[in-house]
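Its first residue numbered 0, the sequence shown is counted upward by one per residue in numbering that gives the first Met the number 0.
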Amino acid sequence: MTTVTYMIPNISCGHCVHTIKNEVGELPGVKAVDADQMKKSATITFESPATEDVIKKLLAEINYPVAN
Ligand SMILES: [Cu+2]
């Protein structure tokens, strides 16, 4: 199990937080998603088959590209 915090500049409101939690939360292997509107970050806990690449690709696809 891995926990990574990503900086996501496009997070601008509660809707963004909700979208990220829902979309990333549906990925197989993702165990927890917490997004912070003020910090513009998301902390994601995951295990196989989820990987950092898969998570970052999904975030980019839904218009929340990761800055780190
Ligand atoms: Cu928003």
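All residues carry an ideal CB built from backbone N, CA and C; glycine is no exception.
- Checking the DSSP bridge columns, you'll see Met-6 partnered with Ser-40.
- In chain order, the residues that have a beta carbon nearer than 5 Å to some heavy atom of ligand 1 are Ser-11, Cys-12, His-14 and Cys-15.
- For Lys-20, the closest alpha carbon among the candidates Ser-11, Val-3 and Ala-34 is that of Ala-34.
- Relative to the Cα of Ser-11, the nearest Cα in the group Met-37, Tyr-5 and Ile-61 belongs to Met-37.
- Around the Cβ of Ala-66, a 10 Å sphere holds fewer than 16 other Cβ atoms; the residue is exposed.
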